[in-house]
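J.: Mind looking over this structure? Questions follow.
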Amino acid sequence: MGRIIRVDFVGRKVVPGTRGATDMDADSGVVVADPKSTVFVGNLDFASKEDDLRVFFEGVVVAERGPPPAHAEDGAGAEAEAGAREKRDPAWVVRVRIVRDRDTQLGKGFAYVQFI
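If you use this note's numbering, the sequence shown closes out at 124, no skipped numbers anywhere.
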């Protein structure tokens with residue numbers, strides 16, 4: 009076959025011994041997502057963006073369950089850029105990962121969304 013699917017995760021790695029170190033595989037340094045709080049999203053447009061999915065799912069969950077609790081942890085801020093989003097408002101959506109083509113960087117039509 010010769011076909012490869014590559015899943016990229018954009019975000020900072022959590023250093024062992026710091027906040028959120030429990031969400032990480034200590035040996036590999038890879039952030040581990042809880043499969044019980046992650047959903048598969050299919051049939052996406054190839055040009056979909058992570059922020060668009062985040063806004064959509066945040067709106068759906070807020071409509072169903074109300075605003076997120078103020079003390080909710082966000083999976084150690086795995087998506088936080090350096091200092092820019094460190095002190096963001098609490099949100100139901102923790103992480104959005106769109107699977108992309110290695111060469112074109114277009115989405116492959118599916119993604120994973122992790123919630124609190």
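We put the CB at the ideal spot given by N, CA and C, even for glycine.
1. Would a C-beta distance cut-off of 9 Å place VAL104 and GLU58 closer than the cut-off?
2. Confirm, please, whether the CB-CB distance from PHE64 to LEU114 is below 9 Å.
3. In angstroms with no decimal places, state the Cα-to-Cα distance between ARG62 and VAL121.
4. With a Cβ-Cβ cutoff of 9 Å, do PHE123 and VAL107 count as a contact?
5. So the candidates are VAL49, ALA78, TRP100, GLY50; which of them puts its Cα closest to the Cα of GLY67?
6. Within 10 Å of its beta-carbon, does SER45 have 16 or more other beta-carbons around it, so buried, or fewer, so exposed?
7. Please classify LYS44: does DSSP put it in a helix, a strand, or coil?
8. Who pairs with GLN113 in a beta bridge, going by DSSP?
9. Using the DSSP secondary-structure output, state which residues sit across from VAL63 in a beta bridge.
10. Which one or two residues does DSSP pair with ALA78 in a beta bridge?
T.: Let me spell this out:
1. Cβ atoms of VAL104 and GLU58: closer than 9 Å.
2. no
3. 8 Å
4. no
5. Taking only the C-alpha atoms, the option nearest GLY67 is TRP100.
6. exposed
7. helix
8. None, per the DSSP bridge assignment.
9. Note: VAL63 sits in no beta bridge, so no partner.
10. ALA78 pairs with nothing; no bridge assigned.
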